[in-house]
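A.B. asks: First residue of the sequence shown? That's 1 in our numbering, and the numbers climb one at a time after it.
Here a beta-carbon is modelled for each residue, glycine too, at the ideal position from N, C-alpha and C.
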Amino acid sequence: MIQDIYPHVLANHYNEKAVPSGDSKVLVFREQDILARIRHDQELEYPSFARTGAAKEDCTYLFRIDETEYYFLDLAAGEELPGAADLYSEGWEFMNVRSLRRNVLEPRHELFAAMTGKHLIDWYRDTAFCGRCGTPTGKSATERAKVCPNCGYTMYPRIMPAVIVGVINGDSILITKYRTGFAHNALIAGFTEIGETLEETVAREVMEESGVRVKNITYYKSQPWGIANDILAGFYCEVDGDTQIRMDSNELKYAAWVRREDIVLQPDDFSLTNEMMLRFKEGFRL
Ligand SMILES: [Zn+2]
1 MIQDIYPHVL
11 ANHYNEKAVP
21 SGDSKVLVFR
31 EQDILARIRH
41 DQELEYPSFA
51 RTGAAKEDCT
61 YLFRIDETEY
71 YFLDLAAGEE
81 LPGAADLYSE
91 GWEFMNVRSL
101 RRNVLEPRHE
111 LFAAMTGKHL
121 IDWYRDTAFC
131 GRCGTPTGKS
141 ATERAKVCPN
151 CGYTMYPRIM
161 PAVIVGVING
171 DSILITKYRT
181 GFAHNALIAG
191 FTEIGETLEE
201 TVAREVMEES
211 GVRVKNITYY
221 KSQPWGIAND
231 ILAGFYCEVD
241 GDTQIRMDSN
251 ELKYAAWVRR
261 EDIVLQPDDF
271 SLTNEMMLRF
281 KEGFRL
């Protein structure tokens, strides 16, 4: 999956004292696009702090990969960088984060860094002002949080929980395709509502999208999914009773029981959904 970057290790402990050095990597976003360069056809690269000419005070520490690779976020994103013309002439350009995934670029830890950075910049942008009183917010001195200097309201990173569900019917699993967006095979998925458990989300989403009742709901694994600001929790379960599918055609364009051997996987191995389909294809039973 996208977060499986071994032998590299993500260290995401917040360090409020970290300041960029010349070779720190700086993630510069413009809307959903990130400033990057592709070398040797496949190799994804981000500019160094020295190369961007970004102002130190605009850069927020994000995370570290291994002992040596420090990533910062340029919060002045959207404004022209001092050396922009030179950057563009050297092949740096703004690239859509979703398209990076579609192009299956390497190395994987840099792709994961883009997705995680995109999740973080969304949060920094969305918390520029206090949601209670409208005052511009400041950064907490001790943790990754934004604090309102007027009313004291503290905003923590926003991570939206959602479930991915493999609904099993004997040697078949419920495969779906979304009406819009991602074009490949998927499983039932949906966001957790306030007041329900993850298991309740599973039962509700399966019922809403397919009209099927489920039992034996069993947790599998989770996955950070920065593209949609999510944490995904994967569950398998079994159909309970009537197996007839009544598809929600507002969300889906396809929903059917597909036998193990007929499952067509996604074109890359980044998603929890794909891993769950693969595991079932290879013989998994609840
Ligand atoms: Zn406030």
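So Thr116 is in the alpha helix (DSSP H); what residue range does that whole segment cover?
C.D. replies: The count along the sequence shown starts at 1 and reaches residue 116 at position 116. Element bounds for Thr116: 108 to 126.
A.B. asks: If you compare alpha carbons, which of Asn96, Ala228, Ala55, Gly53 is closest to Ile34?
C.D. replies: Here residue 34 refers to the residue found at position 34 when the sequence shown is read from its first residue. The candidate whose alpha carbon is nearest that of Ile34 is Asn96.
A.B. asks: So, is Arg51 buried or exposed, given that buried needs 16 or more other C-beta atoms within 10 angstroms?
C.D. replies: Here the question's residue 51 lines up with position 51 in the sequence shown. Buried, because 16 or more other Cβ atoms sit within 10 Å of the Cβ of Arg51.
A.B. asks: Anything with a beta carbon under 6 Å from a heavy atom of ligand 1 counts; list them all in chain order.
C.D. replies: In chain order, the hits are Cys130, Arg132, Cys133, Thr135, Cys148, Asn150, Cys151, Tyr153.
A.B. asks: In the DSSP assignment, what residue or residues form a beta bridge with Ser249?
C.D. replies: By one-based count along the sequence shown, residue 249 stands at place 249. Partner(s): none; Ser249 has no beta bridge.
A.B. asks: Whole angstroms is fine: what's the gap from Ile245's alpha carbon to Arg213's?
C.D. replies: Start at 1 with the first residue of the sequence shown, and residue 245 comes out as number 245. Start at 1 with the first residue of the sequence shown, and residue 213 comes out as number 213. Cα-Cα distance, rounded: 10 Å.
A.B. asks: Taking the CB atoms as reference points, tell me whether Thr176 and Tyr70 lie closer together than 8 Å.
C.D. replies: Sequence index remark: in the sequence shown, residue 176 carries index 176 (1-based). Sequence index remark: in the sequence shown, residue 70 carries index 70 (1-based). The answer is no: Cβ separation not under 8 Å.
A.B. asks: What does the alpha-carbon distance come out to for the pair Asp268 and Glu200?
C.D. replies: Looking up residue 268 in the sequence shown gives position 268. Looking up residue 200 in the sequence shown gives position 200. Approximately 30 Å, taken between the alpha carbons.
A.B. asks: Who pairs with Met155 in a beta bridge, going by DSSP?
C.D. replies: As a first step, residue 155 is located in the sequence shown; it is residue number 155 there, counting from the start. According to DSSP, Met155 bridges with Lys146.
A.B. asks: Work out the CA separation of His8 and Glu106 for me, nearest whole Å.
C.D. replies: Looking up residue 106 in the sequence shown gives position 106. Looking up residue 8 in the sequence shown gives position 8. Roughly 13 Å between the two C-alpha positions.
A.B. asks: What whole-angstrom Cβ distance do Phe94 and Arg30 have, given they're in contact under 8 Å?
C.D. replies: Working through the sequence shown from its first residue, we reach residue 94 at position 94. Working through the sequence shown from its first residue, we reach residue 30 at position 30. Contact flag correct, Cβ pair sits at about 5 Å.
A.B. asks: Measure the C-alpha to C-alpha separation of Ile5 and Arg132 and round it to an integer number of angstroms.
C.D. replies: Counting from one through the sequence shown, the residue named residue 5 turns up at place 5. Counting from one through the sequence shown, the residue named residue 132 turns up at place 132. Rounded to whole angstroms, Ile5 to Arg132 spans 39 Å at the Cα level.
A.B. asks: Measuring straight from C-alpha to C-alpha, what distance separates Val163 and Tyr220?
C.D. replies: Stepping through the sequence shown from its first residue, residue 163 is reached at position 163. Stepping through the sequence shown from its first residue, residue 220 is reached at position 220. Between Val163 and Tyr220, the C-alpha separation is close to 11 Å.
A.B. asks: Buried or exposed: where does Gln223 fall if 16 or more other Cβ atoms within 10 Å of its Cβ makes it buried?
C.D. replies: Working through the sequence shown from its first residue, we reach residue 223 at position 223. Counting Cβ neighbours within 10 Å, Gln223 comes out buried, since at least 16 surround it.
A.B. asks: Among Ala183, Val147, Ala55, Glu238, which has the Cα closest to the Cα of Val202?
C.D. replies: In the sequence shown, the residue the question calls residue 202 occupies position 202. The candidate whose alpha carbon is nearest that of Val202 is Glu238.
A.B. asks: For my contact list, Phe72 and Tyr61 are in at a C-beta cut-off of 8 Å; report their separation, rounded to the angstrom.
C.D. replies: Residue mapping note: residue 72 aligns to position 72 of the sequence shown, counting from 1. Residue mapping note: residue 61 aligns to position 61 of the sequence shown, counting from 1. Yes, Phe72 and Tyr61 are in contact; Cβ-Cβ is about 6 Å, under 8 Å.
A.B. asks: Using the Cβ count rule (16 or more neighbours within 10 Å means buried), how would you classify Leu286?
C.D. replies: Walking along the sequence shown from the start, residue 286 turns up at place 286. Classification of Leu286: exposed, given that the 10 Å Cβ count is below 16.
A.B. asks: On the DSSP bridge list, what partners appear for Ser172?
C.D. replies: Residue numbering aside, residue 172 sits at position 172 when the sequence shown is read from its first letter. Looking at the DSSP assignment, Ser172 forms a beta bridge with Asn169, Arg259.
A.B. asks: Taking just the CA atoms, how far does Ala228 sit from Ala183?
C.D. replies: Here residue 183 refers to the residue found at position 183 when the sequence shown is read from its first residue. Here residue 228 refers to the residue found at position 228 when the sequence shown is read from its first residue. Rounded to the nearest angstrom, the two C-alpha atoms are 16 Å apart.
A.B. asks: Using CA atoms only, rank isn't needed, just tell me which of Asn274, Ser48, His13 is closest to Ser24.
C.D. replies: Counting from 1 along the sequence shown, the entry for residue 24 is found at position 24. Nearest option by C-alpha distance: Ser48.
A.B. asks: Is Ile231 closer than 8 Å to Pro161 when the C-beta atoms are compared?
C.D. replies: As a first step, residue 161 must be located in the sequence shown, where it is residue number 161. As a first step, residue 231 must be located in the sequence shown, where it is residue number 231. Taking 8 Å as the Cβ cut-off, Pro161 and Ile231 qualify as a contacting pair.
A.B. asks: Do three or more CB pairs link the segment 134 to 153 to the segment 187 to 198 at distances below 8 Å?
C.D. replies: Result no; under three Cβ-Cβ pairs closer than 8 Å.
A.B. asks: What would DSSP say about Asn274, mapped onto helix, strand or coil?
C.D. replies: For the purposes of this step, residue 274 is taken as the residue at position 274 of the sequence shown. In this structure, Asn274 counts as helix in the three-state DSSP scheme.
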